[in-house]
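*Asks:* Taking numbering that gives the first Met the number 0, I'd label the letters of the sequence shown as residues 0 to 435.
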Amino acid sequence: MNTYKYAKIPSKGEKIQIIDGELSVPNEPVIPFIEGDGIGPDIWNAAKRVIDAAVAKTYTGNKEIHWMEVLAGEKAKDITGQWLPEETPQIISDFIVAIKGPLTTPVGGGIRSLNVTLRQVLDLYACVRPVRYIPGVPSPVNHPEKLNIVIFRENTEDVYAGIEWESGSEEANYLIDIIREKFNKSIRTESGIGIKPISPFGTKRLIRKAIQYAIQNNRGSVTIVHKGNIMKFTEGAFKDWGYELALEEFRDQIITEAELWDETRADDGVTPITKPGAFADLRGGQPAGNPGGRIVVKDRIADSMFQQILTRSDEYDILCTPNLNGDYLSDAAAAQVGGLGIAPGGNIGDYIALFEATHGTAPKYAGQDKVNPGSLILSGVMMLEYLGWKDAADLIVHAMGETIQQKTVTYDLERQMEGATKVSTSGFAEAIVANM
Ligand code: NAP
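#1: Is it true that the segment 363-382 meets the segment 329-342, where meeting means three or more beta-carbon pairs spaced less than 8 Å apart?
#2: May I ask you to check if the CB of Leu123 is nearer than 6 Å to at least one heavy atom of the ligand NAP?
#3: What separation, rounded to the nearest whole angstrom, lies between the Cα atoms of Ala53 and Asp368?
#4: Taking buried to mean at least 16 other C-beta atoms within 10 Å of its own C-beta, is Ile246 buried or exposed?
#5: What does DSSP give as the partner residue(s) for His397 in the beta ladder?
#6: Short of 7 Å in beta carbon distance, which residues of its chain neighbour Val432, apart from the five on each side in sequence? Order them along the chain.
#7: Are three or more beta carbon pairs between the segment 137-152 and the segment 116-124 nearer than 8 Å?
#8: So the beta strand (DSSP E) Gln119 belongs to, where does it begin and stop?
#9: Between Leu102 and the ligand FMN, is the CB less than 6 Å from at least one heavy atom?
#10: Put Gln16 into one of helix, strand or coil per three-state DSSP.
#11: Is the Cβ-Cβ distance between Val296 and Thr255 less than 7 Å?
#12: State the CB to CB distance for the pair His358 and Pro101, rounded to an integer number of angstroms; the pair is presumed to be in contact (CB under 8 Å).
#13: Would you call Arg152 buried or exposed, if buried means 16 or more other Cβ atoms sit within 10 Å of its Cβ?
#14: Can you list, in chain order, the stretches of the beta strand (DSSP E) that have 3 or more residues and sit fully within the segment 217-253?
#15: Taking DSSP as the reference, what is the three-state secondary structure of Val436?
#16: Does the distance between the C-beta of Asp368 and the nearest non-hydrogen atom of the ligand NAP fall short of 6 Å?
#17: With a cut-off of 8 Å on the beta carbons, I'd call Thr87 and Val115 a contact; round off their distance for me.
#18: Of the choices Asn322, Ile197, Arg187 and Gly241, whose alpha-carbon is the least far from that of Phe232?
#19: Just checking my contact of Gln252 with Ile294 at CB under 8 Å: how many whole Å lie between their CB atoms?
#20: Determine the extent of the alpha helix (DSSP H) in which Lys297 is found, giving its start and end residues.
#21: Leaving out five residues on either side along the sequence, give the residues of the same chain with a beta carbon under 7 Å from the beta carbon of Ala301.
#22: Nearest by alpha-carbon distance to Ala125: which of Ser378, Trp260 and Pro321 is it?
#23: Which same chain residues, not among the five before or five after Ile403, have their C-beta less than 8 Å away from its C-beta?
#24: Excluding sequence positions up to five away, which residues of its chain have a Cβ less than 7 Å from the Cβ of Gln81?
#25: Within its chain, find whatever has a CB closer than 6 Å to the CB of Asp280; leave out the 5 residues flanking it on each side and keep chain order.
#26: Given 6 Å as the limit, tell me if Ala97 has its C-beta closer than that to any heavy atom belonging to the ligand NAP.
#27: How about Ile15 and Pro28: do their beta carbons lie closer than 7 Å?
#28: Specify the secondary structure class of Ala97 as computed by DSSP and reduced to three states.
#29: Helix, strand or coil, according to DSSP, for Arg414 in the structure here?
#30: Is Asp41 near the ligand NAP, judged by its Cβ being under 6 Å from some heavy atom?
#31: Checking the sheet assignment: what are the DSSP bridge partners for His65?
#32: Tell me the DSSP secondary structure of Asn434 in three-state form.
#33: Can you pull the DSSP bridge partners for Asn147?
#34: Could you tell me whether any non-hydrogen atom of the ligand NAP is closer than 6 Å to the CB of Thr360?
#35: Would you check whether the ligand NAP has a heavy atom nearer than 6 Å to the C-beta of Gly400?
#36: Taking all protein chains shown into account, decide if Asp77 is buried (16 or more other Cβ within 10 angstroms of its Cβ) or exposed.
Spelled out as structure tokens, the structure:
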């Protein structure tokens, strides 16, 4: 029975469930989607075409996704009068896995970003962004292929979480007074005030998810990125709680970098950190491998991390960051592989996962069948991997790589590539399907 006001449950397909703490995915799951605003419908239609074709091709009729549209953004406002109807987060929560196009951030009216609201309401605490080079994509660096990382950015805390008061407001003045009176610290009058909360709970669940991912995907290291040299009790604590969690819950699967130095110094007298590429050597030159099957847990100061991804790209695997630094680092890393426009993302909680294009609605291109659908297609790849449908995911990655190497690309890549053929959004999707 359809219990929702606007969304229609498809006549075929079943719900994904959580059974004994594990995701149980039927062969024909119902998956909610939000089409998105601006270029959303163009890229969603292309992504859907590619995902459906990959599933059909891989599982020859034994698996099929039944899509269910849910409303958010401008379309929701037109139909329901609300930017985010109450039932939308509820449906995503009921069906567990969903995918979305970009959404306009309403201006004024006290409405925060719909994306941020969805993340908060559904407690999607990890923003997961894989950054990997697709051969053929124009990149600003000489060896973009050396970078192959997955960033786990904390999504719910930090100065980014929106707890702030305007300069001159009653609240800001009150806090300035209290801090002076009670703690003898002075803040300039008329300062705006933002609060930066970082908790052991929020930190540990993020690091746990990152290490679990590293184990499941045979990755070599997990790096905790922080600015703890300056912000000791927030960023520094993020690092400390990260190590604590790693040692408490994954002792047999991890080795800390400090422990690794001790071990390797004894063996060969070389301090790995002083030797370029030392970790790659220790892992037999395989960034994806790990010493003795263990994952190295290390930490880096955030500013140094921006250099390290450029200068020692292949020494990093999984990165864990607080909210704000993760925002910057995700875009910097994506730009390094030329993939800012095609970078995928997922916002993931304990089970619920919402995959999304990482760029915005690019309103000037809306409805022109022009833009690159790569970001949403690769977010679909992440979704298929999350469902455990890895063969279909791999087929898309392979076919999209082929298509880009054939230089059949949308305008954004075509303008940076010599001798490329420019195709439309739907044309790019068809070319990918033809390469499957
Ligand atoms: P944007 O929509 O990402 O667009 C900025 C520029 O990026 C475009 O003009 C275009 O560059 C390029 N671009 C974006 N998507 C592309 C694609 N699929 N293919 C090729 N090029 C692409 O950023 P914005 O203009 O700052 O934001 C517009 C709206 O989107 C705002 O309402 C914002 O709040 C919202 N937004 C939503 C999300 C989300 O839903 N996750 C994220 C960010 C922003 P050229 O002009 O050079 O071709």
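The C-beta atom is built at its ideal place from N, Cα and C for all residues, glycine as well.
*Replies:* In brief:
#1: With a cut-off of 8 Å, the segment 329-342 and the segment 363-382 count as touching, because enough Cβ pairs lie within range.
#2: For this step, residue 123 is matched to residue 124 along the sequence shown. No, the beta carbon of Leu123 sits no closer than 6 Å to any heavy atom of the ligand NAP.
#3: Here residue 53 refers to the residue found at position 54 when the sequence shown is read from its first residue. Here residue 368 refers to the residue found at position 369 when the sequence shown is read from its first residue. If you take the alpha carbons of Ala53 and Asp368, they lie about 21 Å apart.
#4: Locating residue 246 in the sequence shown gives position 247, counting from the first residue. Per the sequence shown, residue 246 should be read as Leu rather than Ile. Counting Cβ neighbours within 10 Å, Leu246 comes out exposed, since fewer than 16 surround it.
#5: What you label residue 397 is simply residue 398 of the sequence shown in a count that begins at 1. None; His397 has no bridge partner.
#6: Counted from its first residue, the sequence shown places residue 432 at position 433. Only Arg48, Val49 and Ala52 meet the Cβ criterion.
#7: Short answer: they don't touch.
#8: The residue given as residue 119 occupies position 120 in the sequence shown. Here Gln119 belongs to no beta strand (DSSP E); instead the alpha helix (DSSP H) covers Leu113 to Val120.
#9: Among the ligands modelled here, namely the ligand NAP, the ligand FMN does not occur.
#10: The residue given as residue 16 occupies position 17 in the sequence shown. Gln16 falls in the strand class under three-state DSSP.
#11: The sequence position of residue 296 within the sequence shown is 297, counting from 1. The sequence position of residue 255 within the sequence shown is 256, counting from 1. In this structure, Thr255 lies closer than 7 Å to Val296 by Cβ.
#12: One-based indexing of the sequence shown puts residue 358 at position 359. One-based indexing of the sequence shown puts residue 101 at position 102. Correct: roughly 6 Å between the Cβ atoms.
#13: Here residue 152 corresponds to residue number 153 of the sequence shown, with the count starting at 1. With at least 16 other beta carbons inside 10 angstroms of its own, Arg152 counts as buried.
#14: 220-225
#15: Absent from the model: residue 436. The displayed extent of the chain is 0 to 435, so no value can be given.
#16: On the sequence shown, position 369 is the one that residue 368 refers to. Checking the Cβ of Asp368 against the ligand NAP gives no.
#17: For the purposes of this step, residue 87 is taken as residue 88 along the sequence shown, with counting starting at 1. For the purposes of this step, residue 115 is taken as residue 116 along the sequence shown, with counting starting at 1. Taking 8 Å as the upper bound for CB-CB distance, Thr87 and Val115 are not in contact here, some 14 Å apart.
#18: Position 233 of the sequence shown holds residue 232. The shortest C-alpha separation from Phe232 is found at Ile197.
#19: Within the sequence shown, the letter at position 253 stands for residue 252. Within the sequence shown, the letter at position 295 stands for residue 294. Between the beta-carbon of Gln252 and that of Ile294 there is about 6 Å, and that keeps the pair under the 8 Å contact cut.
#20: In the sequence shown, the residue the question calls residue 297 occupies position 298. Not the alpha helix (DSSP H): Lys297 falls in the beta strand (DSSP E), residues Ile294 to Ile300.
#21: As a position in the sequence shown, residue 301 is number 302, starting the count at 1. Correct list, in chain order: Val224, His225, Lys226 and Asn324.
#22: Locating residue 125 in the sequence shown gives position 126, counting from the first residue. With distances taken between Cα atoms, Ala125 lies closest to Pro321.
#23: Working through the sequence shown from its first residue, we reach residue 403 at position 404. Closer than 8 Å at the Cβ level, and outside the excluded window around Ile403, lie Ile133, Pro134, Gly135, Val136 and Leu412.
#24: Residue mapping note: residue 81 aligns to position 82 of the sequence shown, counting from 1. So the list reads Ala75, once near-sequence residues are dropped.
#25: Within the sequence shown, numbered from 1, the residue matching residue 280 stands at position 281. Because the pLDDT of Asp280 is 42, which lies under 50, any placement of that residue in the model is unreliable, and the number read from its coordinates should be weighed accordingly. There are no such residues.
#26: Position 98 of the sequence shown, counted from the first residue, corresponds to residue 97. Every heavy atom of the ligand NAP is 6 Å or more from the Cβ of Ala97, so no.
#27: Taking the first residue of the sequence shown as 1, we reach residue 15 at position 16. Taking the first residue of the sequence shown as 1, we reach residue 28 at position 29. Result yes, Cβ atoms of Ile15 and Pro28 sit closer than 7 Å.
#28: Taking the sequence shown and counting its residues from 1, the one referred to as residue 97 is at position 98. Ala97 falls in the strand class under three-state DSSP.
#29: Here residue 414 refers to the residue found at position 415 of the sequence shown. Three-state result, Arg414: coil.
#30: Start at 1 with the first residue of the sequence shown, and residue 41 comes out as number 42. Asp41 Cβ: outside cutoff for every heavy atom of the ligand NAP.
#31: On the sequence shown, residue 65 is found 66 positions in, with the first residue counted as 1. Note: His65 sits in a beta bridge opposite Val29.
#32: Stepping through the sequence shown from its first residue, residue 434 is reached at position 435. Looking at Asn434 - three-state DSSP - the assignment turns out to be coil, as it is neither helix nor strand.
#33: In the sequence shown, the residue the question calls residue 147 occupies position 148. According to DSSP, Asn147 bridges with Arg131.
#34: Residue mapping note: residue 360 aligns to position 361 of the sequence shown, counting from 1. At least one heavy atom of the ligand NAP is nearer than 6 Å to the Cβ of Thr360, so yes.
#35: What you label residue 400 is simply residue 401 of the sequence shown in a count that begins at 1. No - the ligand NAP has no heavy atom lying nearer than 6 Å to the Cβ of Gly400.
#36: If you number the sequence shown from 1, residue 77 lands on position 78. Label assigned to Asp77: exposed.
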